[in-house]
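Protein chains in written order, with the numbering used here: chain A, 132 to 462; chain B, 1230 to 1502.
Shown next, in structure tokens, is the structure this report addresses.
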Amino acid sequence: MPDQFLYAVEVIINGLMAGVLYALVALGFVLIFKASGIFNYAQGVMALFAAMTLVGIQKGQIPFAKLINTVMGTELEHFPWTVPVIPAIILAFGVMILFAIIVEKYILKHLVNQPEIILFMATIGLAYFMEGFGDIMWGPEIKKLDVGLPQGGSFWIEDMTIGLGGENFYGFFIDKLDMVATVVAILLVAALTIFSQYSKQGRALRAVADDHQAALSVGISLRFIWVLVWSIAGFVALVAGIMWGAKSGVQFSLSLIALKALPVLMLGGFTSIPGAIVGGLIIGVGEKLFEFSIGPLVGGATENWFAYVLALIFLVFRPQGLFGEKIIERV
Amino acid sequence: MLDTGHTTETLLEVNNIEVIYSHVILVLKGVSLTVPKGGIIALLGGNGAGKTTTLKAISNLLHSERGEVTKGSITYQGQVINDLAPADLVRKGVIQVMEGRHCFEHLTVEENLLTGAYTRKSKRETAQDLEMVYSYFPRLKERRKSQAGYTSGGEQQMIAIGRALMSRPEMVLLDEPSMGLAPQLVEQIFEIVKSINEKEGVTFLLAEQNTNVALRYAHHGYILESGRVVMEGSAANLRENPDIKEFYLGMSEGGRKSFRDVRSYRRRKRWLA
């Protein structure tokens, strides 16, 4: 096989894996948008906050240590313990549930029936609040997230594929972390699909998404559903935070991955879980292939804008996205 | 015969309620009514008379439309229910079927019905209830796997009523079941309502513009006009009342009248006089 072709295949595989990570973030948006019609601007910050919380819990950091030290004149920093990975993840999820309850109680409840733009503005406020709050709680420095995920290229795959090409081909380079992320994302989507299709609460969730007045009339509590949805979105944010955090460290730029999710959503549709996945994959592969083939001609750095241009083209021709909810109209 | 079949025990009592939307628009100006256990009670009146608002005041769905009950009380089984959340009311056995059907379009017919059992715990009972609903609406069983958004208007009304039945209600607030349906279907829906009332003992309070049909199936009727009850009586009496005939049934002694005569008649004789 010609090397050029093999390089392209490698680019596609890596693109798919990057796409999975975009999809993970997009998923959180879709969940909240479907259930409450809110575009949750804070989704990216939620991922950052979840990752910070996880690292903090793992290391046994004392929350608000700086604040306490300044006010009380103490010199606290760490609890005398560290927490193993699994309990730490469970605790971090607990914090995200608590966060969901607080958001419902102090924001959503009071803004019910307001125009969507007001709810959107509220989530912008929430995003900036969380960003600052996370810094006060866990400190602003860049943290290393280590949950025992494998890192670096997979030698196994390199060895398996080295024979495919000529002398200068050393096999496919595929990051192990990306492979783990792919598996986790597949599991997550499967679990979410089963939950929403076959469980009672999942059904209620879809009912609320369709017609919240009617859902109210059959005795579904909107407040409970909102807490449920924000908790699930919190969990998705935690997973995304772990994957991105393990890749590039837990730092402020993590919250900007939310912006990467936007073109994914435009492509896949704001209301479709499969759409988020496929959209993520298309963007991931598209931008990597574009960079690989056209990039050198235009001086590179196409990854920054390619996704948005693709999304714009989609907006013109298919505004509801690839998998956007079909609008059922009776005639 | 139609006026028998219900007891004298009071199930629901609405006492002189006033409803205001958005803090300024006064919609109900003191509505009172009594619903006996096991009865079919009709709320009649034209557009904007306050029928839907009365039902929503009872089921407490007003809040999500920025409306509130500012005066009066609503008691169900002797308990004041003004401030109960819709979900709590459903648990107590009061459920509303909203006007315009409001199905969950992207759910299948069966999933729609199952959402009605949201407040119930036992899976076995839910399965039984599903069969019960299918026995009243065999058409729904045939279409159980289709998306509700693609079913016909009559089927959607059946879904909405069936969904309410899945909560094992004591009382159903049925808003405008005839809306947008062919006369034959309207008749069919009312037949089913009547048989549910007789066999399952479910009490119905229904708001309806189609006075003719409603008075043939109901035991008792209230007539609303711009937020007030202007007349009430047993369905048989209302059917025979000359004013009702004139205004709501379109029949009068001297045959059809021209519109001008009717208007002057209206001017001469107001309900509230």
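Idealized CB from N, CA, C, for every residue including glycine.
Sheet register partners of N1341 of chain B (DSSP bridge): Answer is none; N1341 of chain B lacks a bridge partner.
Q1438 of chain B: first and last residue of the uninterrupted alpha helix (DSSP H) it sits in: Careful: Q1438 of chain B lies outside any alpha helix (DSSP H) and carries neither H nor E.
Residue-chain proximity (L1336 of chain B, chain A), Cβ-Cβ < 7 Å: yes
Alpha-carbon spacing of L398 of chain A relative to L185 of chain A, whole angstroms: 31 Å
Buried versus exposed call for K275 of chain A [16 or more other C-beta atoms within 10 Å across all chains shown]: exposed
Residue range of the beta strand (DSSP E) that includes L1453 of chain B: 1449 to 1454
Sequence-distant residues of its chain with Cβ nearer than 8 Å to T1239 of chain B (five each side left out): T1263, V1264, P1265, K1266
Through-space distance from I305 of chain A to E141 of chain A, alpha-carbon basis: Distance between E141 of chain A and I305 of chain A, taken at the CA atoms: about 8 Å.
Best match in B:I1254, B:Y1446, B:R1392 for proximity to A1436 of chain B [C-alpha to C-alpha]: B:Y1446
Three-pair Cβ contact test at 8 Å for the segment 1424 to 1439 of chain B versus the segment 1301 to 1316 of chain B: no
Opening and closing residue of the alpha helix (DSSP H) in which Q1417 of chain B lies: 1412 to 1429
Span separating the alpha-carbon of F326 of chain A from that of A335 of chain A: Distance between the alpha carbons of F326 of chain A and A335 of chain A: 11 Å.
For A1271 of chain B, the residue or residues it bridges with in DSSP: Residue pairing by DSSP places A1271 of chain B opposite B:L1435, B:G1450 in a beta bridge.
I444 of chain A versus G187 of chain A: straight-line alpha-carbon distance, rounded: A straight line joining the alpha-carbon of I444 of chain A with that of G187 of chain A spans about 42 Å.
The segment 1389 to 1399 of chain B in contact with the segment 1276 to 1293 of chain B per 3-pair CB rule at 8 Å: no
Cβ neighbour criterion (16 or more within 10 Å) applied to I220 of chain A: buried
Between the CA atoms of H343 of chain A and H1331 of chain B - distance to the nearest angstrom: Their backbone Cα atoms lie some 10 Å apart in a straight line.
Coil, strand or helix - I1249 of chain B by DSSP: strand
Cβ neighbours of R337 of chain A in the same chain (closer than 7 Å, five flanking residues each side left out): If we look at R337 of chain A and ignore the five residues flanking it on each side, its Cβ neighbours are S327.
Buried or exposed (CB count within 10 angstroms, at least 16 for buried), H209 of chain A: exposed
Distance, S1455 of chain B Cα to G1277 of chain B Cα: 7 Å
Exposed unless 16 or more other CB atoms sit within 10 angstroms - verdict on S330 of chain A: exposed
Under the three-state DSSP convention, the category L1241 of chain B falls into: strand
Status (buried if at least 16 other CB within 10 Å, exposed otherwise) for N145 of chain A: buried
Inter-residue spacing [alpha-carbon to alpha-carbon] between A377 of chain A and M148 of chain A: 15 Å
Backbone secondary structure at Y1305 of chain B - three-state DSSP: Correct three-state label for Y1305 of chain B: strand.
CB contact check: L1290 of chain B to chain A, cutoff 7 Å: yes
Whole alpha helix (DSSP H) elements within the segment 1371 to 1397 of chain B, 4-residue minimum: 1382 to 1394
Chain A within 7 Å of T1281 of chain B, Cβ atoms only: no
As assigned by DSSP and simplified to three states, the class of I1254 of chain B: strand
Where D1232 of chain B falls, given that 16 or more other Cβ within 10 Å makes a residue buried: The pLDDT assigned to D1232 of chain B is 46, lower than 50, so where the model puts this residue is not dependable, and the model offers no usable value.
The segment 418 to 427 of chain A / the segment 374 to 392 of chain A touching (three or more Cβ pairs under 8 Å): By the Cβ criterion, the segment 418 to 427 of chain A is not in contact with the segment 374 to 392 of chain A, since fewer than three pairs of Cβ atoms, one from each stretch, lie closer than 8 Å.
Candidates B:V1248, B:G1391, B:T1348, of which the one nearest S1364 of chain B by Cα: B:G1391
Those residues which DSSP pairs with G284 of chain A across a bridge: A:D306
G1234 of chain B, DSSP secondary structure in three states: Any reading at G1234 of chain B is ruled out, since the residue's pLDDT is 47, under 50, leaving its predicted position unreliable.
Sub-7 Å separation of F366 of chain A and F164 of chain A beta-carbons: no
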